[in-house]
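Working notes, beginning with the structure itself.
Residue numbers (this note's numbering): 5 to 514.
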């Protein structure tokens with residue numbers, strides 16, 4: 005395998021063109037650290053050398069319990085240069101889940117940041133080669149630079165992300181060097197990033213939103229990005245202004261939360277900012293409109309993508325405007341199907357199946373899941389989409405999210421869209437809760453906008469008047485901004501929301 009076919013070297017062209025240009029501005033620990041392309045390249049080589057010195061072989065897996073800091077990138081891409089398979093783990097997972105992933109992946113080495121998780125050192129104690137981030141820089145710097153990547157099979161695995169496990173234990177997806185390099189080049193071919201562009205990352209690096217949406221496009225094109233250790237609304241806005249960022253992306257909660265700081269927005273110079281992308285979860289057109297009103301001149305788009313399959317929908321290449329509520333039309337070089345419950349392909353609505361070189365090869369040690377999710381090269385997403393006459397796609401629900409309420413089928417997203425139209429609502433999540441007569445009924449956790457006032461009964465009445473009566477939330481709980489249940493990637497955790505609503509509804513004898 006050459007450098008050109010190893011994902012660990014994907015930014016080699018930028019190293020050649022811009023060796024002394026700052027690639028990453030790292031804000032970890034409250035101290036700004038600027039890392040040039042040449043420095044990032046050398047550090048990745050030395051990580052590869054460190055792993056080879058420790059006896060790690062090509063094809064073996066290397067765990068990562070590391071937070072948002074430039075060392076994450078050095079380790080992630082450096083491991084791939086050595087032919088090893090990095091396993092970047094969500095640092096917000098429970099102890100037992102961390103341990104499960106390290107054992108399921110059969111990690112022979114692990115890079116562990118003690119501060120990233122209170123149990124990080126304990127759960128990784130049995131890994132043969134454990135390198136603490138407390139000792140990492142010394143170990144890295146005394147290691148030799150890797151001369152070149154080892155020979156790997158044509159469709160070799162590059163890295164192994166674990167799904168969130170919302171429907172069971174997390175599953176390790178087998179992502180290839182070839183598929184990931186195809187996607188990096190494909191993005192630049194159709195939606196090019198410029199060397200003068202600067203992104204801002206505040207979401208976890210282990211998540212596709214940050215890595216696929218900002219890290220890879222920016223480094224491949226010779227751009228730069230600011231890396232925050234975590235998301236905090238005021239600090240996020242200040243970083244956008246201070247570092248003259250042109251672009252940022254995040255989940256809906258990022259934007260919902262910073263909209264509560266309008267006074268801060270008014271003080272900042274955001275003239276360099278051109279666009280935001282909101283994705284990785286349900287996005288309402290009301291939120292997108294509100295962000296554009298709050299920061300005039302900034303364009304807000306919606307994205308849809310999967311860890312295992314990339315982003316099959318994009319804005320049309322002919323410049324046709326994307327309607328609110330849609331992530332776009334079928335992207336070039338992707339194949340897309342909508343499949344009904346009967347297994348037949350449909351034109352209007354159904355479960356999304358997709359095919360492209362990006363698709364994962366399967367799931368580590370899970371042949372049952374691989375057989376179910378991958379059919380003749382098609383990835384079954386489990387997401388229901390609608391397609392309109394112009395070819396735009398609209399997310400409706402997860403296949404297993406729909407529930408029956410007194411014989412009427414309800415998608416939580418439809419009720420959430422209705423709630424977001426209420427002038428006092430900043431954020432909301434809907435889930436079914438048991439009901440003695442209807443079987444299940446919609447219930448909602450609602451966050452109000454700062455300075456707004458509304459009661460639960462007023463919100464229920466609004467939904468009754470403005471939407472189908474069978475779909476109005478029978479129970480509404482108004483909660484604080486920080487009480488919304490989120491997972492490690494910053495998305496609403498629907499399992500936690502459903503459990504919380506079920507407990508609350510039961511206590512109210514719904």
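A virtual CB, placed ideally from N, CA and C, is assigned to each residue, including glycine.
Being a predicted model, the structure only gives us computed values, none of them experimental.
**Study point:** Close-in-space but distant-in-sequence residues of the same chain around residue 372 (CB under 8 Å, 5 per side omitted)
**Key:** By one-based count along the chain shown, residue 372 stands at place 368. Once the five neighbours on either side are set aside, residue 372 has no close Cβ partner at all.
**Study point:** Straight-line gap, residue 516 to residue 182 (C-alpha atoms, nearest Å)
**Key:** The structure shown does not extend to residue 516, since the chain is modelled only from 5 through 514, so no value can be given for it.
**Study point:** Residue environment, residue 281, which counts as buried when at least 16 other CB atoms sit within 10 Å
**Key:** What you label residue 281 is simply residue 277 of the chain shown in a count that begins at 1. A residue is called buried when at least 16 other Cβ atoms come within 10 angstroms of its Cβ; residue 281 meets this threshold and is buried.
Practice item. Taking 8 Å as the cut-off, decide whether the C-beta atoms of residue 248 and residue 276 are in contact. Key: Indexing the chain shown from 1 puts residue 248 at position 244. Indexing the chain shown from 1 puts residue 276 at position 272. In contact: residue 248 and residue 276 (Cβ atoms closer than 8 Å).
Exercise for review: Check the C-beta distance from residue 520 over to residue 72 and give it rounded, since I have them as a contact under 8 Å.
Suggested key: Since the first residue of the chain shown is 5 and the last is 514, residue 520 is not available in this structure.
Point to revise | residue 141 in three-state terms, based on DSSP | key: Here residue 141 corresponds to residue number 137 of the chain shown, with the count starting at 1. Correct three-state label for residue 141: helix.
Exercise for review: Determine the DSSP secondary structure at residue 339, reduced to helix, strand or coil.
Suggested key: As a first step, residue 339 must be located in the chain shown, where it is residue number 335. In this structure, residue 339 counts as strand in the three-state DSSP scheme.
Point to revise | Alpha-carbon to alpha-carbon, residue 204 and residue 32 | key: One-based indexing of the chain shown puts residue 32 at position 28. One-based indexing of the chain shown puts residue 204 at position 200. Straight through space, the alpha carbons of residue 204 and residue 32 are spaced by roughly 13 Å.
Review point. Around the C-beta of residue 293, are 16 or more other C-beta atoms found within 10 angstroms, so that it is buried, or is it exposed?
Key: In the chain shown, residue 293 corresponds to position 289, counting from 1. Taking all protein chains shown into account, residue 293 has fewer than 16 neighbouring C-beta atoms within 10 Å of its C-beta and is therefore exposed.
Exercise for review: Return the bridge partner residues of residue 479 from the DSSP annotation.
Suggested key: The sequence position of residue 479 within the chain shown is 475, counting from 1. Residue 479 pairs with 447.
Check your understanding: Per the contact definition of three or more C-beta pairs closer than 8 Å, is the region 484-501 in contact with the region 77-96?
Key -> yes
Check your understanding: Count the other CB atoms within 10 Å of the CB of residue 87; is the residue buried (16 or more) or exposed (fewer)?
Key -> If you number the chain shown from 1, residue 87 lands on position 83. Flag for residue 87 reads buried.
Exercise for review: Compute the distance between the beta-carbons of residue 403 and residue 355, then report whether it is under 8 Å.
Suggested key: As a first step, residue 403 must be located in the chain shown, where it is residue number 399. As a first step, residue 355 must be located in the chain shown, where it is residue number 351. Closer than 8 Å, so yes.
Point to revise | Counterpart residues of residue 90 in DSSP-defined beta bridges | key: Against the chain shown, residue 90 aligns to sequence position 86. Partner(s): 66.
Review point. Would you report the Cα separation of residue 102 and residue 333, rounded to the nearest angstrom?
Key: Taking the first residue of the chain shown as 1, we reach residue 102 at position 98. Taking the first residue of the chain shown as 1, we reach residue 333 at position 329. Taking the straight line from one Cα to the other gives about 37 Å.
Practice item. Starting from the Cα of residue 200, find the closest Cα among 26, 388, 461 and 137 and give me that residue. Key: Indexing the chain shown from 1 puts residue 200 at position 196. Residue 200 has its Cα closest to that of 26, out of 26, 388, 461 and 137.
Point to revise | Continuous beta strand (DSSP E) assignments of at least 3 residues falling wholly in the region 129-205 | key: 133-136, 161-163 and 202-205
Exercise for review: Could you say if the region 391-403 and the region 210-217 meet the contact criterion of at least three C-beta pairs nearer than 8 Å?
Suggested key: no
Review point. What is the rounded straight-line gap between the Cα of residue 197 and the Cα of residue 465?
Key: Numbered from its first residue, the chain shown carries residue 197 at position 193. Numbered from its first residue, the chain shown carries residue 465 at position 461. Approximately 47 Å, taken between the alpha carbons.
Review point. By how many angstroms is the C-alpha of residue 262 removed from the C-alpha of residue 453?
Key: Taking the first residue of the chain shown as 1, we reach residue 453 at position 449. Taking the first residue of the chain shown as 1, we reach residue 262 at position 258. Going from the Cα of residue 453 to the Cα of residue 262 covers about 11 Å.
Practice item. Answer yes or no: do residue 316 and residue 186 have a C-beta to C-beta separation smaller than 8 Å? Key: The count along the chain shown starts at 1 and reaches residue 316 at position 312. The count along the chain shown starts at 1 and reaches residue 186 at position 182. Not closer than 8 Å, so no.
Check your understanding: Is residue 18 closer than 8 Å to residue 150 when the C-beta atoms are compared?
Key -> Stepping through the chain shown from its first residue, residue 150 is reached at position 146. Stepping through the chain shown from its first residue, residue 18 is reached at position 14. No.
Review point. Do the region 40-51 and the region 119-133 make contact, defined as three or more Cβ pairs closer than 8 Å?
Key: no
Review point. Curious, which full-length alpha helix (DSSP H) runs of at least 4 residues does the region 231-263 contain?
Key: 237-246 and 256-262
Practice item. Would you mind sorting residue 173 into buried or exposed? The rule is 16 or more other CB atoms within 10 Å of its CB. Key: Your numbering for residue 173 matches position 169 in the chain shown. Exposed is the call here.
**Study point:** Same chain only: Cβ atoms within 6 Å of residue 114, ignoring 5 sequence neighbours per side
**Key:** Residue 114 sits at position 110 when you count from the first residue of the chain shown. Closer than 6 Å at Cβ, skipping near neighbours: 67, 128, 131 and 134.
Review point. Which word fits residue 327, buried or exposed, when buried means at least 16 other C-beta atoms lie within 10 angstroms of its C-beta?
Key: Stepping through the chain shown from its first residue, residue 327 is reached at position 323. By the neighbour-count rule (16 or more Cβ atoms within 10 Å), residue 327 is not buried but exposed.
Review point. Between residue 308 and the rest of its own chain, which residues show a CB-CB distance below 7 Å, the 5 nearest in sequence each way excluded?
Key: To locate residue 308, count along the chain shown from 1; it is residue 304. Taken in chain order, the residues that qualify are 283, 315, 317, 331 and 399.
Practice item. Starting from the C-beta of residue 123, find all residues in its chain whose C-beta is less than 6 Å away, skip the five residues before and the five after it, and write them out in chain order. Key: By one-based count along the chain shown, residue 123 stands at place 119. Counting only Cβ-Cβ distances below 6 Å, and skipping sequence neighbours, we find 99.
Check your understanding: Among residues of its own chain, excluding the 5 on either side of residue 388, which ones have a beta-carbon nearer than 8 Å to its beta-carbon?
Key -> Taking the chain shown and counting its residues from 1, one reaches residue 388 at position 384. Correct list, in chain order: 353, 354, 355, 356, 399, 400, 401, 402, 403, 406 and 415.
Review point. Nearest-angstrom Cα distance between residue 442 and residue 193?
Key: One-based indexing of the chain shown puts residue 442 at position 438. One-based indexing of the chain shown puts residue 193 at position 189. Roughly 52 Å separates the two Cα atoms.
Practice item. Provide the residue(s) that pair with residue 429 in DSSP beta bridges, ordered along the chain. Key: Your numbering for residue 429 matches position 425 in the chain shown. DSSP output for residue 429 lists 452 as bridge partner(s).
Point to revise | 8 Å contact criterion, which residue 448 and residue 477 should meet: CB distance rounded | key: The residue you call residue 448 lines up with position 444 of the chain shown. The residue you call residue 477 lines up with position 473 of the chain shown. Contact holds; Cβ gap of about 4 Å.
Check your understanding: Does the Cβ of residue 512 lie closer than 7 Å to at least one heavy atom of the ligand NAD?
Key -> In terms of ligand content, the structure shown is empty, and the ligand NAD therefore cannot be addressed.
Review point. Starting from residue 505 and walking both ways along the alpha helix (DSSP H), at which residues does that stretch end?
Key: By one-based count along the chain shown, residue 505 stands at place 501. It spans 498-511 - the alpha helix (DSSP H) in which residue 505 sits, taken as one unbroken run.
Practice item. Under 8 Å by Cβ, that's how I've got residue 116 and residue 79 pegged, so tell me the actual separation to the nearest angstrom. Key: As a first step, residue 116 must be located in the chain shown, where it is residue number 112. As a first step, residue 79 must be located in the chain shown, where it is residue number 75. Between residue 79 and residue 116 the Cβ distance is about 11 Å, and since that is not below 8 Å, they are no contact.
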